[in-house]
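Its first residue numbered 26, the sequence shown is counted upward by one per residue in this note's numbering. See structure below.
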Amino acid sequence: MYSIQHFKKKYRMEVFSAPIVRRSGEHGLLYAAEPLDACSDLNNMAEKESKFSSSYILIVRGGCSFEEKVRKAQKAGYKAAIVYNDGYDELLVPMAGNSSGVHIHGLLVTRASGEVLKGYAGQAEMELWLIPGFGISSWSIMGITFVSLLAVSAVLATCFVVHRHRIRRRVRNLPHGGQGLSRMPSKLLQSMPTEVYTGVLEESSTSVTCAICINDYCVGEKLRILPCKDSKFQFVLFN
Numbered sequence: 026m027y028s029i030q031h032f033k034k035k036y037r038m039e040v041f042s043a044p045i046v047r048r049s050g051e052h053g054l055l056y057a058a059e060p061l062d063a064c065s066d067l068n069n070m071a072e073k074e075s076k077f078s079s080s081y082i083l084i085v086r087g088g089c090s091f092e093e094k095v096r097k098a099q100k101a102g103y104k105a106a107i108v109y110n111d112g113y114d115e116l117l118v119p120m121a122g123n124s125s126g127v128h129i130h131g132l133l134v135t136r137a138s139g140e141v142l143k144g145y146a147g148q149a150e151m152e153l154w155l156i157p158g159f160g161i162s163s164w165s166i167m168g169i170t171f172v173s174l175l176a177v178s179a180v181l182a183t184c185f186v187v188h189r190h191r192i193r194r195r196v197r198n199l200p201h202g203g204q205g206l207s208r209m210p211s212k213l214l215q216s217m218p219t220e221v222y223t224g225v226l227e228e229s230s231t232s233v234t235c236a237i238c239i240n241d242y243c244v245g246e247k248l249r250i251l252p253c254k255d256s257k258f259q260f261v262l263f264n
């Protein structure tokens, strides 16, 4: 008897992680790479930076890895490599590569952004500012959603409790302590005329069933007489 076992290899992709931009932001002059894909040593080396600005390089994606482009930019003396997408896909994904020994910023932008930046490359009067983004993870979104729902629920619960408290306070201020909302006051109930049920229907009487609780009368049961505005009946009996 033979058994076949399948061994699954796991490949771990290392995400390229360049130094992050300071919170206050950084600015510098932008130049277009020569060659534009920066897959070989750059022909245009970074100019000596002044004490006010650095030199950044604009590179198109493709031809070689993201890591190679950033390392070529660092070798040429640039402080940041801005790589723009070579396709029209607006979805930007993390780049793979080994960031060991990389000391400059490596950024990936869309093709539309790259085309705009390309129009300003090489202009000495134009400065490019790098501002750190505020990325929100899926866990952060879930946390914000949960807190928002919790806050809304707390507000609704508070409104409900306050509303019930106001209703109870209004009911307590009514005559008889609000008993008239659910039942007839006991004094008025005792003052109503009564009769004993004998089982014989009288003229202008209702049926042998209580008009309120829908239960049949029992012989000898004490019934109360409720005046009725219906033209067919002068009164209604109920127990």
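Quick reminder that beta carbons are idealized off the backbone N, C-alpha and C, glycines included. Because the structure is a prediction, the values reported are computed rather than measured.
Excluding five sequence neighbours on each side, which residues of the same chain lie with their C-beta closer than 6 Å to the C-beta of residue 63?
-> Close CB contacts of residue 63 within its chain, under the 6 Å cut and outside five residues either way in sequence, are with 84, 94, 97 (chain order).
Just the Cα atoms here: how many angstroms apart are residue 172 and residue 249?
-> 59 Å
Where the beta strand (DSSP E) through residue 108 begins and ends = That run of the beta strand (DSSP E) goes 105-109.
For residue 138, which residues from the same chain have a beta carbon less than 8 Å from its beta carbon, with the 5 sequence-adjacent residues on both sides left out?
-> 109
Residue 145: first and last residue of the uninterrupted alpha helix (DSSP H) it sits in = From DSSP, the alpha helix (DSSP H) with residue 145 extends over 136-145.
For residue 85, does the three-state DSSP call read helix, strand or coil?
-> strand
Cross-strand partners of residue 221 (DSSP beta bridge) | 247
Reduced DSSP secondary structure (H/G/I, E/B, other) of residue 51 | strand
Where does residue 247 land, buried or exposed, given buried means 16+ other C-beta within 10 angstroms?
-> exposed
If we call anything under 7 Å between Cβ atoms a contact, is residue 79 one with residue 53?
-> yes
Apart from the five residues just before and just after residue 214, which ones in its own chain have a Cβ nearer than 8 Å to its Cβ?
-> Answer for residue 214: 249, listed in chain order.
Could you tell me if residue 87 is buried or exposed, where buried requires 16 or more neighbouring beta carbons within 10 angstroms of its beta carbon?
-> Result: exposed.
Taking the alpha helix (DSSP H) that residue 153 falls in, what are its first and last residues?
-> Careful: residue 153 lies outside any alpha helix (DSSP H), inside the beta strand (DSSP E) at 153-155.
Report back the beta-carbon spacing between residue 132 and residue 105 to the nearest angstrom; my notes put them in contact at under 8 Å.
-> 7 Å
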